[in-house]
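Asks:
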Amino acid sequence: MQRIDEEDKGKMLCFTCLGIVRYYTGLRRHQKYECGMERQFQCPHCPYKARQKIHLKNHIGLKHLNLCSEEKL
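In terms of our numbering, the numbers along the sequence shown are unbroken and rise by one, the last being 87.
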């Protein structure tokens, strides 16, 4: 772990994949659940997979809003 240049002041670098995250806690989550791992949250409507559940929820809301509203009828 290392802080990076002034433009990205406060952000942290993952030395495994060279990913950049904003906070130390984000780096710990990234290393534990995301770095080098398959995306584990599958969209039920398309082939999209997300690394975080909230990303899948946002994807469904943006891309499949019509499908979700039709299912509620």
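The beta carbon of each residue, even a glycine, is placed where N, CA and C say it ideally should be.
#1: Per DSSP, what kind of secondary structure is K25 in: helix, strand or coil?
#2: Helix or strand or just coil, what does DSSP make of Q66?
#3: Closest to K77 by CA distance: which of R65, H59, E52 is it?
#4: DSSP three-state label for Q56, please.
#5: Apart from the five residues on each side of it in sequence, which residues of its chain come closer than 8 Å, Cβ to Cβ, to H73?
#6: So the candidates are L79, Q66, E52, F55; which of them puts its Cα closest to the Cα of G40?
Replies: By the coordinates alone:
#1: coil
#2: coil
#3: H59
#4: strand
#5: C57, Y62, A64
#6: Q66
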